[in-house]
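Asks: This structure is in structure tokens; I'll ask about it shortly.
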Amino acid sequence: MREKIVAGNWKMNLTKNEGLLLIDSVVNGLNTADVKVILAPPFPFISDTVSKVEKTTISVAAQNCHQTESGAFTGEVSAVSLQSFGCDYCIVGHSERRQYFGEDDKLINEKIVQLLAKNIKPIYCCGESLEQRQSEEHFEVVGEQIQSAFSGLKREDLLKIVVAYEPVWAIGTGETATPKQAQEMHAFIREKLSQVLRDEAENVSILYGGSVKPDNAKELFSQKDIDGGLIGGASLNATDFLAIIHSF
Ligand code: PGA
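In terms of the numbering used here, the sequence shown opens at residue 57 and continues consecutively.
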């Protein structure tokens, strides 16, 4: 049985007080243990978030990490450091990292290897651009992203990864993939994973991300291969984020 997961990726938008209040509101308002909730705050909040969720079922994710274990990379954060602060997950390959920081699947593969070595579960994001969707290359693009990012990983590694399908044209734009478009891609991703995992591909959680809101979450999450969401904008508001979680 795969886990249902809702992860909040609240990016760099909040001050200290706003961020801490948001975490408290989510912790206090959560009323289900059926969904795995993951908070992915910016780095400065990691330590406080870990303390605040300590007695709950909520887990903490980082939004990025460096691909090497240690070294002189000013401004970067290592997986070993994240692990020591109590991070259970780390987002890798977010489209904003790909687009603005030039990350490709080869680099993302190195980050995944690094995270797995430190027992941190990667939340691997993939997804096509608007042009790629319009020219009907979306399956090919996502297939290649996965092929390259997961290259060399063993069965037991793949089972630790959470996949997030995030069509670039739907992130932060208010445009959402239709439940049918998302389901189709999720089924394709699961099929792709089954080439290595066989029946165990059924155990991998595949999240949808891209303008998930309280009013569209239920329909998206009711699709057979959609196991939850990676939530950006709506995770900045505790009421909306909780409504999305509770819409399962
Ligand atoms: P969004 O962001 O929900 O604001 O579209 C999703 C994400 O950044 O992962």
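C-beta atoms are modelled at their ideal positions from N, C-alpha and C, and glycine is treated no differently. Treat the numbers as computed from the prediction; the structure is a model and nothing was measured.
Would you mind reading off the limits of the beta strand (DSSP E) that contains Gly65?
Replies: The sequence shown places Asn at residue 65, not Gly. Segment 61 to 65, the beta strand (DSSP E) holding Asn65.
Asks: Quick check on DSSP: helix, strand or coil for Ile227?
Replies: Coil, per DSSP.
Asks: What are the complete beta strand (DSSP E) segments, minimum 3 residues, inside the segment 192 to 257?
Replies: You should have 218 to 221.
Asks: Determine the burial state of Gly208: buried for a count of at least 16 other Cβ atoms within 10 Å of its Cβ, exposed for fewer.
Replies: So Gly208 counts as exposed.
Asks: Just the Cα atoms here: how many angstroms apart are Val91 and Ser115?
Replies: So the alpha carbons of these two residues sit roughly 11 Å apart.
Asks: Within a Cβ cutoff of 7 Å, which residues of the same chain sit near Pro223, ignoring the five residues on either side of it in sequence?
Replies: Closer than 7 Å at the Cβ level, and outside the excluded window around Pro223, lie Gly183, Glu184, Arg189, Ala233, Gly266.
Asks: When you measure from the CB of Asn65 to every non-hydrogen atom of the ligand NAD, does any distance come out below 6 Å?
Replies: Absent from the structure shown: the ligand NAD. Ligands present: the ligand PGA.
Asks: Do the CB positions of Lys60 and Gly288 come within less than 7 Å of each other?
Replies: Their beta carbons are not under 7 Å apart, which means Lys60 does not touch Gly288 by this criterion.
Asks: Quick check: the Cα distance between Ala173 and Arg154, rounded to an integer number of angstroms?
Replies: For Ala173 and Arg154, the distance between alpha carbons rounds to 23 Å.
Asks: Spatial neighbours of Ala89 within its chain, please: C-beta separation below 6 Å, excluding the five flanking residues on both sides.
Replies: The answer, listed in chain order, is Thr113.
Asks: Tell me the residue span of the beta strand (DSSP E) that contains Ser115.
Replies: Here the beta strand (DSSP E) through Ser115 covers 115 to 118.
Asks: Which runs of the beta strand (DSSP E) spanning at least 3 residues fall entirely within the segment 74 to 159, listed in chain order?
Replies: DSSP runs (the beta strand (DSSP E)) wholly in the segment 74 to 159: 92 to 96, 115 to 118, 145 to 148.
Asks: Can you name the start and end residues of the alpha helix (DSSP H) that Leu263 belongs to?
Replies: Careful: Leu263 lies outside any alpha helix (DSSP H), inside the beta strand (DSSP E) at 262 to 265.
Asks: Please report the residue range of the alpha helix (DSSP H) in which Lys274 lies.
Replies: 270 to 277 is the span of the alpha helix (DSSP H), which, as asked, contains Lys274.
Asks: With the cut-off set at 7 Å, would you say Leu214 and Leu163 are in Cβ contact?
Replies: It is not a contact, given that the beta carbons lie outside the stated cut-off.
Asks: Quick check: does the Cβ of Leu286 come within less than 6 Å of any heavy atom belonging to the ligand PGA?
Replies: Leu286 Cβ: within cutoff of the ligand PGA.
Asks: Kindly indicate the opening and closing residues of the beta strand (DSSP E) around Leu70.
Replies: No beta strand (DSSP E) contains Leu70, which DSSP labels as neither H nor E.
Asks: Helix, strand or coil: which one does DSSP assign to Gly289?
Replies: Residue state, collapsed to three classes: helix.
Asks: May I have the straight-line CA-CA distance separating Val218 from Ala257, to the nearest angstrom?
Replies: Roughly 11 Å between the two C-alpha positions.
Asks: Buried or exposed for Lys167, going by 16 or more other Cβ atoms inside 10 Å?
Replies: Classification for Lys167: buried.
Asks: Would Lys236 and Lys177 be called neighbours here (beta carbons separated by less than 7 Å)?
Replies: No. Outside cutoff.
Asks: So does the segment 118 to 127 actually touch the segment 260 to 275, counting three or more Cβ pairs closer than 8 Å?
Replies: Judged by Cβ distances under 8 Å, the segment 118 to 127 makes no contact with the segment 260 to 275, as fewer than three pairs qualify.
Asks: Can you tell me where the alpha helix (DSSP H) holding Ile168 begins and where it ends?
Replies: First-last of the alpha helix (DSSP H) with Ile168: 161 to 173.
Asks: Along the chain, where does the alpha helix (DSSP H) that runs through Ile301 open and close?
Replies: Where Ile301 is concerned, the enclosing alpha helix (DSSP H) stretches over 294 to 302.
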